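Peer 1: Below is one structure. I have some questions about it.
Protein chains: 2
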Amino acid sequence: MEVTRTNFKDSLSTVYSAIEEADFLAIDGEFSGISDGPNVSALTNGLDTPEERYMKLKKHSMDFLLFQFGLCTFTYDQAESKYVIKTFNFYIFPKPFNRTSPDTKFICQSSSIDFLASQGFDFNKVFRHGIPYLNQEEEVQLREQYEERRSQSNGSGNPSYISPNSNKGPGSIPEEHREYIGRVVEKVESLFTTSEKTVDLEPCTGVIHAISKSVSYPDNLLSNCLVLICMLRCTILLDLLGAIPLGWDSTLSPLSPTQGKLVVGHNMLLDVMHTIHQFYCVLPEVQNTHHLYMNTVGFPSYDTAQEQLHEAGYDAFITGLCFISMANYLGTFLTPPRAHIPSQSKLIQPFVNKLFLMRIIDIPYLNISGPDLQPKRDHVLYVTFPKEWKTSDLYQLFSAFGNIQVSWIDDTSAFVSLSQTDQVQIAMNTSRYAESYRIQTYAEYVQGRQQVRESQGHSTQSWDEDGWVKPHYTSPSTVGAGPTGYSYGHNRYTPFTHTHRHTDTHTLRRARTHTHTLHSMDF
Amino acid sequence: MEVTRTNFKDSLSTVYSAIEEADFLAIDGEFSGISDGPNVSALTNGLDTPEERYMKLKKHSMDFLLFQFGLCTFTYDQAESKYVIKTFNFYIFPKPFNRTSPDTKFICQSSSIDFLASQGFDFNKVFRHGIPYLNQEEEVQLREQYEERRSQSNGSGNPSYISPNSNKGPGSIPEEHREYIGRVVEKVESLFTTSEKTVDLEPCTGVIHAISKSVSYPDNLLSNCLVLICMLRCTILLDLLGAIPLGWDSTLSPLSPTQGKLVVGHNMLLDVMHTIHQFYCVLPEVQNTHHLYMNTVGFPSYDTAQEQLHEAGYDAFITGLCFISMANYLGTFLTPPRAHIPSQSKLIQPFVNKLFLMRIIDIPYLNISGPDLQPKRDHVLYVTFPKEWKTSDLYQLFSAFGNIQVSWIDDTSAFVSLSQTDQVQIAMNTSRYAESYRIQTYAEYVQGRQQVRESQGHSTQSWDEDGWVKPHYTSPSTVGAGPTGYSYGHNRYTPFTHTHRHTDTHTLRRARTHTHTLHSMDF
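As given, the protein sequences belong to chains A and E, one line each in that order. Taken in order, the first sequence gives residues 1 to 523; the numbers are from the UniProt record's numbering. Taken in order, the second sequence gives residues 1 to 523; the numbers are from the UniProt record's numbering.
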């Protein structure tokens, strides 16, 4: 089903029902681009930490537009032993409401646009009929403008109750409405404390604030609403376009349907980040997404997508099919084997809340409900060198050490993974008198970065005002021994075999000079 | 006629012929946005100097994409006493050629996209079938990659003749081709020194460099090639996509057809800047476009466009019609009156090389073939104040002085134009003891800015390397008395009546406090 601004309001109850009856949901997004950095390789160093990857995506990927949001609901029919599937394609576009409403700018990356165009993606549908939306802050601003204009047209000299700091959130709820909103909040909260599945809300102006700010969400709820964040924020603008004061359709229960549902995606980190960034609020500065506790499963990228129709809803559908196959595959290990593994099964639990990290050698996922994996990297060297060096120079330098893996950081530095950890000390000794390059162990490198970070005060920053929990930054070198009780810190994973796409670029950009060879037999 | 990458090469000779036979050309561009600044008002202060306006557009408008280029050729048929019109719509998109070719990022502004969408603009045609192009620098880079890969596949250890600095331009012409290219340059230059209208060129790899770098253009030629800059750069990529070594269709004479033709546009400054920026090279840092000597006529914006099909070719067509009407209107002042004024008429000359400056109170155009107008602004005050102030605070402050015009600069400063110059001294005296605001005369303001600029070394910058002439920066306060012989400096123009669109925004953003009144009767 295609959902545009033409049929959005009429489709909402269908969408909500589909979500409510579903056993699990699959989502997928189509974006106007991936990276505004120099190239994708800058985004995907094979030895990124989950935090570094998150920060790179936040820095280089959030100015693109999520313009198609795919949702596929999967409901298991016990009698028929098959899944009933409903697919929705939401076309999204931040159509400005008027001259003073937010005029969003977004970046397009030619390669992404060209790829989608070659797949027959309908840009006209996005730009002509896309569903408009607001994030929290934009909504508050638009609401203020309305109120100011209304108070002016009422002949009142003072803007009624808008305080100068009203875009800070709850402060903008008018005094005279607070009691009413308190009652709404109470009703909404009853969804979590009672067995009620719906709540009747009277039409009101303040309920959005109540929903987005004042409700004390259970830990696992806000996060479950990923799909609804998108849909709700779209509804808000449509309401603003409609009538003031705003009213919710009181027969809908906008919060309940996704609660506790499994949401699956492929390469889902970007989808999650874009959904929050575009429809909800600014992403936090450091990777403290742990408190989101989203029920999500990440698994490696679906690679045949390029040969098929690249549409968000279709991709979500395929993703769901993959998930079903993988879940049922787990059932083959049971005694006796089970043909159908439901999405609520405990067999799925180890994969829940793990977001796949593309192209990281030894950390397969970002864990959003616990500490991240801390693989040993004591076979890794941090090498700095003149900007003329190419990958081949590094291969030559380490030619005596057998197979190595090079992960470029920038023009003058790279990680070099040796195949044997005991070669590290030899390499360190050899490099002591080198003039053109410098080698550090990975531990030394991490320590150096940590010192820089602390001197910049990063570890003390807090985003409490934005509603994000204060990050508990833990240095990679201390997590394993820390008080958290997790023992992920010192597992060693076998590096994946991996081809670095950026090698070509670097080869082309570097002159063929300055080669050095490090011979282990020198020692 | 619609020109996409599907029919581009086949259409070229038709386009060239149309240009060649034309008496004058009209052009127009459609862009993915106008301003990436906070709002349009930041781009259009009513008291901008031409240089300031140019710099603002360069800073805030060049990251958008020109994705439709309209060309309309007008050829006067003496026998029929009417113009023959040919319209072309070029769809443009920087489709990347491969993974290592430039992957252009461009910004879209929702309001612009929404406007074009509402006019039925076909984005799918742009993104699926747009003509690819390269600017000079991108072309050099792509060529290098080709050569490097070719030399690698030839088994050669060294990249043949690519020097490390080869993206600096002519340096990348291989030694063994220089003699050949010299002959090509000579042939091309003969176009300007002889009566030849075409030149036969053998297929060659280096001719692009010859055309873009080595030819000694007569002053008025490069500039006449605005339309062809666009078309040639598009052809180049199509050639790169086709075969290596590249070949020009030797029956074409790519430089001659626009020579000496009048090119007209509406609000043409942005069109010209985008065309040069996107298809040719980086715009210079300061307004030293004078050396371009483009034969262009600017006249005020075509305001009924919003009610009609917004397509670049159509807009160019309407622009041409307006020009014909205006030219013929000039003919009614002759004795005896003449019904048809040709585009080469001397009556048109005073309007040639003038680019309309939108929303500047007293400088109607940017003069690209001479010094700009320097209207007296001795009735203008530069006022700084707390950021809470609104337009109404300024009206109240100057309420004793009758009608004023307020031109916002930023949150804490604005120009205030008084209706009487002799009020300036009174206002200055009054403000002497003011604490919350400060007033300077316009002359004092200009002098202050000039000092800041000189301390930053702006006046000594040179862009010789890019092929731009070194700017001769002249301070506004000295031009009139300078050695140039121009006497534009001290004309006083009656300000246009003008509504500032940004007033609303400022009103909404400011609290209603801190009002002061300046009474002239106090003195």
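For each residue, glycine too, the CB sits at the ideal point set by N, CA and C. Being a predicted model, the structure only gives us computed values, none of them experimental.
How long is the line joining the alpha carbons of A:Lys376 and A:Thr421, rounded to whole angstroms?
Peer 2: So the two alpha carbons sit approximately 10 Å from each other.
Peer 1: Under a CB-based cut-off of 8 Å, is A:Lys105 close to chain E?
Peer 2: It does: the Cβ of A:Lys105 has a partner Cβ on chain E nearer than 8 Å.
Peer 1: Give, in chain order, every residue of the region 107 to 125 of chain A whose Cβ lies closer than 7 Å to some Cβ of chain E.
Peer 2: Answer in chain order: Ile107, Cys108, Gln109, Ser110, Ser111, Ile113, Asp114, Ala117, Asp122, Phe123, Asn124.
Peer 1: Measuring straight from C-alpha to C-alpha, what distance separates E:Thr73 and E:Pro337?
Peer 2: Roughly 26 Å separates the two Cα atoms.
Peer 1: Alpha carbon to alpha carbon, how far is E:Phe93 from A:Ser151? Give it in angstroms, no decimals.
Peer 2: Computed Cα separation, rounded: 47 Å.
Peer 1: Once DSSP output is grouped into helix, strand and coil, what is the label at E:Asp114?
Peer 2: Here E:Asp114 sits in helix by DSSP.
Peer 1: Suppose you measure from the CA of A:Leu12 to the CA of A:Cys234; what does that come to, to the nearest Å?
Peer 2: Taking the straight line from one Cα to the other gives about 11 Å.
Peer 1: Determine, using beta carbons only, whether E:Lys56 comes closer than 8 Å to chain A.
Peer 2: With 8 Å as the cut-off, E:Lys56 does not count as an interface residue toward chain A.
Peer 1: According to DSSP, is E:Cys72 part of a helix, a strand, or is it coil?
Peer 2: Three-state DSSP puts E:Cys72 in a strand.
Peer 1: Any heavy atom of the ligand NAP inside 7 Å of the beta-carbon of E:Ser436?
Peer 2: The ligand content of the structure shown is nil, which means the ligand NAP is not present either.
Peer 1: So is E:Leu397 buried or exposed if we call it buried at 16+ other beta carbons inside 10 Å?
Peer 2: By the 10 Å Cβ count, E:Leu397 comes out buried.
Peer 1: Can you list, in chain order, the residues of its chain with a C-beta nearer than 8 Å to that of E:Asp36? Leave out the 5 residues immediately preceding and following it.
Peer 2: Hits under 8 Å: His60, Ser61, Asp63, Phe64, Ile107, Gln109.
Peer 1: Does the separation of the CB atoms of A:Asp378 and A:Val424 fall below 8 Å?
Peer 2: Cβ distance < 8 Å, so A:Asp378 and A:Val424 count as in contact.
Peer 1: Relative to the C-alpha of A:Leu57, which residue among A:Thr104, A:Tyr445, A:Val446, A:Pro284 is closest?
Peer 2: With distances taken between Cα atoms, A:Leu57 lies closest to A:Pro284.
Peer 1: What residues of chain A sit near E:Gly33, judged by a beta carbon separation below 7 Å?
Peer 2: Residues of chain A passing the Cβ test: Lys105.
Peer 1: DSSP puts A:Ser407 in a beta bridge; with which residues?
Peer 2: Paired residue(s): A:Phe415.
Peer 1: Suppose contacts are defined by Cβ-Cβ distances below 8 Å. Is A:Ala22 in contact with A:Thr75 by that definition?
Peer 2: Cβ distance < 8 Å, so A:Ala22 and A:Thr75 count as in contact.
Peer 1: Compute the Euclidean distance between the alpha carbons of A:Gly29 and E:Phe69, then round it to the nearest angstrom.
Peer 2: Straight-line Cα distance between these residues: approximately 32 Å.
Peer 1: Can you have a look at A:Glu138 and say buried or exposed, based on whether 16 or more other CB atoms are within 10 angstroms of its CB?
Peer 2: By the neighbour-count rule (16 or more Cβ atoms within 10 Å), A:Glu138 is buried.
Peer 1: Against chain E, which members of the region 382 to 394 of chain A pass a CB distance test of less than 8 Å?
Peer 2: Listed by position, the residues of the region 382 to 394 of chain A near chain E (Cβ gap below 8 Å) amount to none.
Peer 1: Taking DSSP as the reference, what is the three-state secondary structure of E:Leu355?
Peer 2: Reduced to three states, the DSSP call for E:Leu355 is strand.
Peer 1: Are E:Ser413 and E:Val383 close, meaning C-beta to C-beta below 8 Å?
Peer 2: Going by C-beta atoms, E:Ser413 is nearer than 8 Å to E:Val383.
Peer 1: For the alpha helix (DSSP H) that A:Arg438 lies in, which residues bound it at each end?
Peer 2: It is not in any alpha helix (DSSP H) - A:Arg438 instead sits in the beta strand (DSSP E) that spans 438 to 441.
Peer 1: Checking contacts by CB at 8 Å: is A:Asp411 closer than that to chain E?
Peer 2: Chain E contact via Cβ: absent.
Peer 1: Classify E:Tyr329 as buried or exposed, calling it buried when 16 or more other Cβ atoms lie within 10 Å of its own Cβ.
Peer 2: Counting Cβ neighbours within 10 Å, E:Tyr329 comes out exposed, since fewer than 16 surround it.
Peer 1: Measuring straight from C-alpha to C-alpha, what distance separates A:Tyr365 and A:Tyr314?
Peer 2: C-alpha separation (whole angstroms): 24 Å.
Peer 1: Counting only the same chain and skipping the five closest in sequence on each side, list residues whose C-beta sits under 6 Å from that of A:Met1.
Peer 2: If we look at A:Met1 and ignore the five residues flanking it on each side, its Cβ neighbours are Phe88.
Peer 1: Alpha carbon to alpha carbon, what distance is there between A:Ser345 and A:Asn367?
Peer 2: Computed Cα separation, rounded: 19 Å.
Peer 1: Is the CB-CB distance between A:Thr4 and A:Tyr91 below 8 Å?
Peer 2: It is a contact, given that the beta carbons lie within the stated cut-off.
Peer 1: Any contact of the region 264 to 280 of chain A with the region 316 to 333 of chain A, i.e. 3+ C-beta pairs under 8 Å?
Peer 2: Yes, the region 264 to 280 of chain A is in contact with the region 316 to 333 of chain A.
Peer 1: Chain A beta carbons: is any one of them nearer than 8 Å to that of E:Pro371?
Peer 2: It does not; no Cβ of chain A falls within 8 Å.
Peer 1: Does the distance from the C-beta atom of A:His274 to that of A:Leu71 stay below 8 Å?
Peer 2: In this structure, A:Leu71 does not lie closer than 8 Å to A:His274 by Cβ.
Peer 1: Rounded to a whole number of angstroms, what is the C-alpha to C-alpha distance between E:Phe523 and E:Glu51?
Peer 2: Bear in mind that a pLDDT of 28 at E:Phe523, under 50, signals an unreliable position, so the number given afterwards is only what the model happens to contain. Cα to Cα, E:Phe523 sits roughly 38 Å from E:Glu51.
Peer 1: Tell me which residue opens and which closes the beta strand (DSSP E) that A:His266 is part of.
Peer 2: That run of the beta strand (DSSP E) goes 262 to 266.
Peer 1: With E:Gly331 as the anchor, note down where its alpha helix (DSSP H) starts and where it stops.
Peer 2: Taken as a continuous stretch (DSSP letters only), the alpha helix (DSSP H) holding E:Gly331 covers 312 to 331.
Peer 1: Taking only three categories from DSSP, how would you classify A:Asn124?
Peer 2: Helix.
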